[in-house]
Amino acid sequence: MNNPEPLVDLAQERPQVPAQARNLSPIVPRASIAGRALVAVVAIMTFLASITTGAVLLVSASAAEWQSDVASEITVQVRPQNGRDLERDVAAVTDAMRKQIGIIDVKPFTKDESAGLLEPWLGSGLSLDDLPVPRVIVARLQPGTAPDLTALRGRVVQVAPSASVDDHRAWIERMRTMSNATVAAGVGILALVIIATIISVSFATRGAMAANRPIVEVLHFVGAADGWIANRFFRHFLLLGLEGGLIGGGGAMLFFGFSESIAGWFSGTPVGDQFTALLGTFSLRPSGYLVVAAQAVVIAAITAWASRRTLFATLDEIE
Amino acid sequence: MVRFENVGLRYGLGPEILRDLNFVIPPHSFQFLTGPSGAGKTSLLKLLFLSLRPTRGLVNLFGSDVSLLVKDEVADLRKRIGIVLQDFRLLDHMTTYENVALPFRVIGREESTYRKEVIDLLKWVGLGERMDALPPILSGGEKQRAAIARAVISRPQLLLADEPTGNVDPTLGRRLLRLFIELNKSGTAVIIATHDITLMDQYEARRLVLHQGRLHIYE
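Chains as they are written, first to last, in the working numbering: chain Z, 3 to 321; chain G, 66 to 284.
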C-alpha cells in the first residue's frame, strides 16, 4: 500500500469568498405545504362555526328575553256568561288582583283595546257587542316574587266564575324546550365542524409530511430529535390555522355587524317583521363578538394541536 | 467506541444477511469496510448509524446498548456520528452552505457562531465558489463533497461513508480520501465502505471484509 500524498488545501484552487451573514432558508420549504387549501378549509370551518355560535347566542338571548317578559306577567281571561255583567266582572277581578301581594300593576284591556288585539284576524270596524269575546286583564309581577297562584285563582273565580288565570307556564316550558333544542343543535353543529376541521388538518399534515419525507430523513441523519422536527412543521400549521381562523372569524363578525342593516332592508315585509319579532334586531352583543373571536382562536389552536398529533404519529413511521 | 457481539440481521422473514458479527471499532481508528456487492455493507453501516436494529446479538455504541435506546437518545447519539450516503441526501431547497451547516442548526447554534467554520470547510473541500448554489445544479462530485462536508462539519466521533468515491474521478477520489485521513488524524474514527480496491491500496488501514454475511478482519 502507498503512503498518502501530503494533504493540500483544496481551496487554493478556487477563489476565496469572504464570510458574511446570511438569511437562512426555512428547514421546511413553505411551498411544500398545501397552505392555501388548508387556510381556506380552516376559514370556512371557522366561519360556519361562528355563524352557528352567533345564531345560537341570538336565539337563546331572544328566548331568555321572551321568557322573562312572559314570566313576569299573569293574564286573566274573563269570558262572557249569560246573566252576568262582563264589565262588572272585569272590575271585580281587577280589584281582587290589585289586592294580591306581588302584583305591581294590573291593566284591564278595554273593549276597544280587545278589538285592537283581534284586528289582524277579524279586520277593523269590529263591534264586540255582536261577539262573545273574552276580556283580558294583564298583571305585572314584582321581579323575584312568586305570588300564590292558587289563592289568586280562588279569589278570582269567587268574584267572576267564568274567569281563568294563566301564568304562561306551558308557554314558557315550550319556549325553554325550543331554546334548549336550538342550543343543543348549535353545539352539535359546532362539534361536527370541529371534527371536520381536525380531519381536514390531519390529512393536510399527513400530506405535507409525505411530501417532505426526504427532508425528515435527512434531519434524522444529522441528529434532529422528533420534537425539533415537529416544531419546524408545527409553526407552519399554527400560522395557517391562525390565518384561517382570522379570516373565518373576521368574516362572521362582519356578517353580524352588517346583519342589522340587512335586516333593516326587509323591515316592513311580513318575513322581516316575523324575523324581528323572533330575533329582535339580529345584532350580537359585544360579549357575542368576544365569544366568536375566542372561538376563532380555539379553532386555530385545534388546527395546531391536530397537526402536532399527526406530526408525531407520522415521525414515528419515518426512520 | 463500537462493539458488536454475535450480531445477526434479517429483513422480515428472509434469510439472515449478516451473521455472527463480532468486532470492535476503537476510537481514532481508520478502517475500510469492503466486500462484493450485496454482501451487506450498507446494512452494516445502517446498524452502526442506528437506522436498523439487529435481530439478534448486542450492539454497543458509545457505551450504550442500542436495544435499550429511546428515539430521543438515538437522535443524541446520531449527533456524534457523521454519515455520507451513496445518494448524498442533500436538501434541494437549501444552498450548499446551508446543507453543510444543517447539523449546527439542529443543535440550535446561532449562524454567526459557525459561519466562518462552514465557509472554511467549504473552501477546504473546494466548494468555496459554490456555497450559494442549490444542489440540483451541482455536479456529482460537488454533491459528494458537500455531503462529506456536512458529515464532518460537527467533528463527529465516528464517520461512516458509503462508497464516498463512487461518483467521482480517481483524482478527486484521492483528494476525498485525504480529507478522511485528515479528519481521522484529528480524532475521528472512520469507516469507509467501498469495493474500490484502488482506493484501499492508497492507504494502509484495517480492512473489514464482508463475505456471505460474515465479517473477516484484516488488521
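Ideal placement from N, C-alpha and C gives every residue a C-beta, glycine not left out.
Taken atom to atom, the span from the alpha-carbon of THR77 of chain Z to that of LEU59 of chain Z is near 29 Å. In the assembly as shown, VAL255 of chain G is a buried residue. Its beta-carbon has 16 or more other beta-carbons within 10 Å. Contact between the region 189-204 of chain Z and the region 143-158 of chain G is absent: fewer than three C-beta pairs spanning the two stretches fall below 8 Å. For GLY79 of chain G and THR120 of chain G, the gap between their C-alpha atoms comes out near 12 Å. When secondary structure is reduced to three states using DSSP, GLU175 of chain G falls in the coil class, being assigned neither helix nor strand. Contacts with chain Z (Cβ-Cβ distance below 7 Å) from the region 186-208 of chain G involve LYS188, TRP189, VAL190, GLY191, GLY193, GLU194, MET196, listed in chain order. Taking 9 Å as the cut-off between beta carbons, the residues of the region 120-139 of chain G near chain Z are LYS136, ASP137, VAL139, in sequence order. Listed along the chain, the chain G residues whose CB falls inside 8 Å of the CB of ALA227 of chain Z are LYS136, ASP137, ALA140, ASP141. For ASP107 of chain Z, the enclosing beta strand (DSSP E) has its first and last residue at 105-110. Boundaries of the beta strand (DSSP E) around ASN125 of chain G: 121-126.
Under the 8 Å Cβ criterion, the region 170-178 of chain G does not count as touching the region 255-262 of chain Z, having fewer than three qualifying pairs. Residue state for HIS222 of chain Z is assigned as helix, using DSSP reduced to three classes. According to the DSSP assignment, ARG157 of chain Z belongs to the alpha helix (DSSP H) that extends over 151-161.
THR161 of chain G is positioned such that its CB atom lies closer than 7 Å to that of ALA198 of chain G. Per DSSP, GLN209 of chain G is one residue of the alpha helix (DSSP H) stretching across 205-217.
Pairing GLY206 of chain G with SER94 of chain G, the inter-Cα distance amounts to about 26 Å.
A check of alpha carbon separations from GLN297 of chain Z across Z:THR55, Z:PRO28, Z:SER27 identifies Z:THR55 as the nearest.
No Cβ-Cβ contact shorter than 7 Å links ASP227 of chain G with LEU74 of chain G. Only those residues of the region 209-225 of chain Z whose C-beta falls short of 9 Å from the nearest C-beta of chain G are listed: PRO216, ILE217, GLU219, VAL220, LEU221, HIS222, PHE223, VAL224, GLY225.
Here PHE268 of chain Z carries a coil assignment [DSSP, helix/strand/coil]. In the structure shown, GLY259 of chain Z falls within a helical segment according to DSSP collapsed to helix, strand and coil. Counting only residues of its own chain and dropping the five nearest sequence neighbours on each side, SER251 of chain G has a CB closer than 8 Å to the CB of ARG220.
Looking at the DSSP output, SER129 of chain G shares a beta bridge with G:LEU126. Separation of SER102 of chain G and THR230 of chain G (C-alpha to C-alpha, rounded to the nearest whole angstrom) is 15 Å.
From the listed residues Z:VAL80, Z:TRP307, Z:ARG208, the smallest Cα separation to LEU241 of chain Z is found for Z:TRP307. Listed as beta-bridge partners of TYR283 of chain G by DSSP are G:ARG272.
Going by beta carbons, ALA57 of chain Z and GLY250 of chain Z fall outside the 7 Å limit. Those residues of the region 90-117 of chain G placed with their C-beta closer than 7 Å to a C-beta in chain Z are SER116, ordered along the chain. Residues of chain G whose Cβ lies closer than 9 Å to the Cβ of PRO288 of chain Z do not exist; the shortest such Cβ separation is about 44 Å.
DSSP, read as helix, strand or coil, puts GLY56 of chain Z in helix. Here LEU86 of chain G is buried, its C-beta having at least 16 other C-beta atoms within 10 Å. Look at VAL255 of chain G here: in three-state DSSP terms it is strand. For THR312 of chain Z, the uninterrupted alpha helix (DSSP H) run begins and ends at 288-319, by DSSP. Looking at the backbone, the Cα of PRO168 of chain G and that of ILE320 of chain Z are separated by about 19 Å.
Contact between the region 177-195 of chain Z and the region 104-118 of chain Z is absent: fewer than 3 CB-CB pairs across the two stretches fall below 8 Å.
In this structure, DSSP gives GLY147 of chain G an extended state, which the three-state scheme calls strand.
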